[in-house]
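Engineer: For the sequence shown, counting from 1, position 164 maps to 163 in numbering that gives the first Met the number 0; every step adds exactly one.
Think of the CB as a built atom: it goes at the ideal place given N, C-alpha and C, for glycine as much as any other residue.
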Amino acid sequence: MDIDWDGITHVTKVDPAKPLPSDLGALEGTDLVLVGGSDDVTEANTLEAIAAIDDAHPSLPVFQEPYSSSHVSKATIEAADYLSVPAVYNGDREHFVGKHVDLFTEVGSKPEALLGASLPVVGDLISSKGADAVADLATNVVGEGYVIQHLESTAAATSGVEATYTSEQVAGAALATETFYGFPIFYIEYSGTYGGPADVEAAARYLEETALFYGGGIDSRAKATEILEAGADAIVVGDCFHDDPETFRETIPE
0 MDIDWDGITH VTKVDPAKPL PSDLGALEGT DLVLVGGSDD VTEANTLEAI AAIDDAHPSL
60 PVFQEPYSSS HVSKATIEAA DYLSVPAVYN GDREHFVGKH VDLFTEVGSK PEALLGASLP
120 VVGDLISSKG ADAVADLATN VVGEGYVIQH LESTAAATSG VEATYTSEQV AGAALATETF
180 YGFPIFYIEY SGTYGGPADV EAAARYLEET ALFYGGGIDS RAKATEILEA GADAIVVGDC
240 FHDDPETFRE TIPE
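1. For THR153, count neighbouring C-beta atoms within 10 Å of its own C-beta (all shown protein chains included) and say buried if the count is 16 or more, exposed if not.
2. Give the list of continuous beta strand (DSSP E) stretches no shorter than 3 residues that lie fully inside the stretch 1 to 73.
3. Have a look at ILE187 and ALA221 and give me their C-alpha separation to the nearest angstrom.
4. Compare the C-alpha of SER67 against each of THR163, LEU82, GLU225, GLY214 and name the closest.
5. Can the beta-carbon of GLY144 be found closer than 7 Å to that of PHE179?
6. What residue from PRO252, LEU46, THR163 has the CA that sits closest to LEU33's CA?
7. Check SER83 in the structure and name its three-state DSSP category.
8. Could you tell me whether the Cβ atoms of THR165 and GLN148 are closer together than 7 Å?
9. Is the beta carbon of THR250 sitting closer than 7 Å to the one on ILE217?
10. Is SER158 near the ligand SAH - that is, is its Cβ less than 6 Å away from at least one heavy atom of it?
11. Below 8 Å CB to CB, which residues in the same chain sit around GLY6 once its five sequence neighbours on both sides are set aside?
12. Just checking, does the stretch 197 to 210 make contact with the stretch 230 to 248 on the three C-beta pairs under 8 Å criterion?
13. From VAL13 to GLU64, what distance separates their C-alpha atoms?
14. Secondary structure at GLY206, three-state DSSP: helix, strand or coil?
15. Ordered along the chain, which non-local residues of its own chain (more than five positions away) have a Cβ less than 7 Å from that of ASP39?
16. Are the CB atoms of VAL146 and ASN89 within a distance shorter than 7 Å?
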């Protein structure tokens, strides 16, 4: 599936470890779903969440945002449209490059586990046909430049974030995301608290091709509008999707 990033303004973050609303009609109007979380996520509950979303909204793009390579399997690769892997700038090394090395090490050394048992593997080396399959997988992996700005959040604790960034540092991370790393997404994450427009305004100046996502504390149309008008390409809404679908509907831009 090709993603029209210009058409993405509202993203829903679905935590597979949390119960889904009984009526997934609330997703009508969102443009993309990220499935992932920091606690109690497994391959099994990830697959359950993706399947439920796909059954309710088969044309809605669904990204798996794995916290660990153990959450990724042949089944999740086939179920999701893309793997979206965060690189947390203000986290520890493990959560910037470590998890990416782990993922691709697993893909390279055990491709049959991820891509099917029929792949030709000689010892620990992938034969040419198997290498082509691994290369195809790589086209379904996208990177997210990620800044976590709420120190009391589970995401910060899990990613080893010990300090937030100034708006100037957020802008620098945005610039690096587009010009150096070439990731399609730069994500400012306030994890359940509302951070306001300052970081978004700082980052937006440096992004032309990369989509700017903001997540955290969006629980009204007014906040959604403020962040979008500050320069975000999309808002990411998670908590109220699980907790209050009616409030969630209010965050969807008209």
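Structural biologist: Walking through what the data contain:
1. To locate residue 153, count along the sequence shown from 1; it is residue 154. THR153 should be labelled exposed.
2. 9 to 13, 31 to 34, 61 to 63
3. Position 188 of the sequence shown, counted from the start, is the residue given in the question as residue 187. Position 222 of the sequence shown, counted from the start, is the residue given in the question as residue 221. About 18 Å.
4. Along the sequence shown, one-based indexing puts residue 67 at 68. Of THR163, LEU82, GLU225, GLY214, the residue nearest in Cα terms is LEU82.
5. Counted from its first residue, the sequence shown places residue 144 at position 145. Counted from its first residue, the sequence shown places residue 179 at position 180. No, these two residues do not count as a Cβ contact at 7 Å.
6. Within the sequence shown, numbered from 1, the residue matching residue 33 stands at position 34. The residue with the shortest Cα to Cα distance from LEU33 is LEU46.
7. Residue mapping note: residue 83 aligns to position 84 of the sequence shown, counting from 1. It is a strand residue.
8. Counting from one through the sequence shown, the residue named residue 165 turns up at place 166. Counting from one through the sequence shown, the residue named residue 148 turns up at place 149. No, the Cβ-Cβ distance between THR165 and GLN148 is not below 7 Å.
9. To locate residue 250, count along the sequence shown from 1; it is residue 251. To locate residue 217, count along the sequence shown from 1; it is residue 218. The answer is yes: Cβ separation under 7 Å.
10. Absence of the ligand SAH from the depicted structure is noted, as is the absence of any ligand whatsoever, leaving it without description.
11. Here residue 6 refers to the residue found at position 7 when the sequence shown is read from its first residue. Taken in chain order, the residues that qualify are ASP30.
12. yes
13. Here residue 13 is taken as the residue at index 14 of the sequence shown, counted from 1. Here residue 64 is taken as the residue at index 65 of the sequence shown, counted from 1. The straight-line gap from Cα to Cα measures roughly 10 Å.
14. In the sequence shown, residue 206 corresponds to position 207, counting from 1. Note on identity: in this sequence residue 206 is Leu, with Gly being the wrong assignment. LEU206 falls in the coil class under three-state DSSP.
15. As a position in the sequence shown, residue 39 is number 40, starting the count at 1. Excluding positions up to five away in sequence, the list reads ALA16.
16. Position 90 of the sequence shown holds residue 89. Position 147 of the sequence shown holds residue 146. Yes. Within cutoff.
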